[in-house]
Amino acid sequence: MTLTKTLTKSAQEHGESAAGQDQPARARPPLARAAGLLAAVLLLLLVVVLSLAVGARQLSLGEAWSGLVDSGSATWTVVHEMRLPRTLLGLLAGVALGLAGGVMQALTRNPLADPGLLGINAGAAAAVVTAISFFGVAGYTGYIGFAFLGAAAVSVLVYAVGGGRGATPARLALAGTALNAALISYVNAVQLLDTASLDRMRFWMVGSLSRAQESTVVAALPFVAAGALVALALARPLNALALGDDAARALGSRPGRTRGGAIVAVTLLCGAATAACGPIVFVGLMVPHMVRAFTGPDQRWMLPYCAVLSPVLLLGADVIGRVLGRPGELQVGIVTVVLGGPVFLYFVRRRRVAQA
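The sequence shown maps to residues 560 to 915 in our numbering.
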C-alpha cells in the first residue's frame with residue numbers, strides 16, 4: 560500500500576475528510592493531478608494579466624503589454640509604478656498565505672486551521688502595530704523584524720497552550736481563537752489611543768495591496784522564498800506525521816523536527832506576508848480545502864497546488880475590489896473576508912453534519 564493510499568485510509572477511519580465533507584477526498588491519478596496543476600498555472604497567468612489591465616484606468620491587453628515592455632509607451636508609468644509591484648506583491652503574499660495554510664492544516668490535522676484563525680497573522684499584526692505606535696517604525700524593512708517576532712511568538716504560544724506534543728486539533732483551534740481575540744483587542748486599543756499613528760495603521764490593518772512598491776517586493780522575496788522551500792521540503796515528513804508519531808518514526812521521520820520546521824516555515828511566510836500587506840485572512844483556509852478535494856491528502860501535491868491557486872484567489876479578490884469600488888477600490892482584505900466568511904461557515908456546518 561502506497562503512502563497516499565495509507566493517508567486516505569487513515570482519513571476515512573477517523574471520519575475526517577480533508578475537505579470537511581461527508582465523503583473523504585479521493586486522490587486523482589497522477590496524470591490528472593499534473594494536468595490540473597498545469598491548468599492552475601494557466602489560470603494564474605490569466606489573473607496576472609487581469610491584475611495588470613484592470614484598475615481605476617482600464618487598459619486593453621495591448622496597452623497593458625505595451626506598458627510592460629515598451630519604456631516609451633504612454634502606459635509604462637501606470638504599469639510599472641502601480642500595477643506591476645501590486646501584482647508581484649499579490650503573487651508573493653498569495654504563495655505565502657496558501658503554503659502557510661496548507662502546512663498548518665497538515666500539522667494540526669485540522670482542516671479548519673488557518674494562520675489567521677489561529678492567531679499567527681494577528682501576532683504579526685500586533686507586533687507591527689507596536690512598532691508603529693511606540694517605536695515610530697515605518698516601511699516594510701522596519702516592519703519585517705517585528706512581524707517575524709510576533710508570528711513566531713504566537714506560533715509557539717498556541718502550540719504550548721494547546722497542549723504541546725499532546726495537542727489536539729480542537730485545543731489548538733481554541734487556543735488560537737482566544738489569542739487571536741486578545742491580540743485584535745490590543746491592536747484596536749493601540750489604534751484608539753494613538754490617533755497620530757491611526758492613519759498609517761488604518762489601511763495596513765485592513766489588508767491591502769494598494770501601497771505596494773518595488774522595494775517591498777524585493778525585500779519580501781527572500782523571506783517568502785525561504786519559507787516556501789522549507790514548506791515544500793516538509794511535504795513527505797508531513798505525510799508521515801499524518802499517520803501519527805509512532806508511524807512517522809517507523810517511516811524514518813522525526814516528528815519533533817517536522818513540527819519545528821513547520822513552525823519556521825509558517826513564521827517566515829506569515830511574517831513576510833503580514834508585514835507587506837497587513838493581516839489578510841481566509842486565503843489559507845479556502846484554498847487548501849478546494850485543493851484537497853482534488854489531490855487527496857498527499858502534501859507532495861497539495862502544497863504545490865496551494866502555492867499556485869492561492870495567488871489566483873488573492874489577485875482575483877484584488878481585481879474584484881478594484882471593479883466594485885470604482886472610482887476608488889475595496890481593499891483586498893475586505894473582499895477575502897466577504898468571500899471567506901460564508902465559505903468558513905459552510906465548512907463548519909458540513910463537518911458538524913459529517914460528525915453527527
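Virtual Cβ for every residue (Gly too), placed ideally from N, Cα, C.
DSSP places Q772 in no alpha helix (DSSP H); its state is neither H nor E.
At a Cβ-Cβ threshold of 8 angstroms, N680 and T817 do not count as neighbours. C-alpha of L752 to C-alpha of V776: approximately 31 angstroms in a straight line.
Between A672 and M663, the C-beta spacing is below 8 angstroms.
The alpha-carbon separation between R642 and S610 amounts to approximately 7 angstroms. Listed in chain order, the non-local C-beta contacts of I743 below 7 angstroms within the same chain comprise A681, local neighbours out to five positions each way being set aside. In the DSSP assignment, L862 falls within the unbroken alpha helix (DSSP H) covering 858-883. Q858 counts as buried, since at least 16 other C-beta atoms from the protein chains shown sit within 10 angstroms of its C-beta.
Distances from the CA of G649 to each of G735, L603, L862, V717 were compared; the closest alpha carbon is that of L603. Short of 7 angstroms from the beta carbon of V717, and not among the five residues preceding or following it, lie these beta carbons of its own chain, in chain order: L677, G678, L731, A734, G735, L738.
Between the segment 697-708 and the segment 763-780, the count of C-beta pairs closer than 8 angstroms reaches three or more; the two stretches touch. Inclusion of L618 and G626 in the CB contact set at 8 angstroms is warranted, their separation being smaller than that value.
Non-local beta-carbon contacts of V825 in its own chain, meaning distances under 7 angstroms to residues more than five positions away in sequence, involve A659, V662, M663, P674, I679, S714 in chain order.
The C-beta separation of G892 from G837 comes to about 6 angstroms, placing the pair in contact by the 8 angstroms criterion.
Residue A866 holds the alpha-carbon nearest to the alpha-carbon of L844 among L827, L788, A866, G830.
Here DSSP, grouped into helix, strand and coil, assigns N680 to helix. Shown here for L862: same chain residues with a beta carbon closer than 7 angstroms to its own, the five before and five after excluded, namely L658, G661, A790, L791, A794 in chain order. By the neighbour-count criterion, in which 16 or more other beta carbons inside 10 Å mark a residue as buried, V628 falls on the exposed side.
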